[in-house]
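Okay, structure coming up:
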């Protein structure tokens, strides 16, 4: 059986979240935030869009025909619920799926 190519990335993500105390909510609150976030079809579509590759906010704006404020609102909600994370690529902010976002997409296939 082959090794999971995302294993190191997942471990780094979990370590980062623990270090930054990102998961400090109780499980019920975390579940509620996740459900509220994924109730919106645009946010679910953004997850699928990010599964293709990392994207800039402008990519989200153009693909979903939303203004910057709307794109930021959706991305902030997804980031707060830990489905995506913002990364810096050569000084440019980009968004990518987190291991939790990847797991969500795996479970809904």
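Residue numbers (my numbering): 93 to 201. Where is the CB? At the ideal position from N, CA and C, for every residue including glycine.
Quiz item: Taking C-alpha atoms, which residue in 142, 124 and 128 lies nearest to residue 191?
Solution: Here the question's residue 191 lines up with position 99 in the chain shown. The shortest Cα separation from residue 191 among 142, 124 and 128 belongs to 142.
Self-check item: Given 8 angstroms, three or more beta-carbon pairs between the stretch 168 to 176 and the stretch 151 to 159
Solution: no
Practice problem: Tell me where the beta strand (DSSP E) around residue 189 begins and ends. | Solution: Translated into positions along the chain shown, residue 189 becomes position 97. Unbroken beta strand (DSSP E) run through residue 189: 184 to 189.
Exercise. With a threshold of 16 other CB atoms inside 10 Å of the CB of residue 160, please say whether the residue is buried or exposed.
Key: Translated into the one-based positions of the chain shown, residue 160 becomes position 68. Exposed, since its Cβ has fewer than 16 Cβ neighbours within 10 Å.
Quiz item: When DSSP builds the beta bridges, which residues end up paired with residue 181?
Solution: For this step, residue 181 is matched to residue 89 along the chain shown. Beta-bridge pairing links residue 181 to 184.
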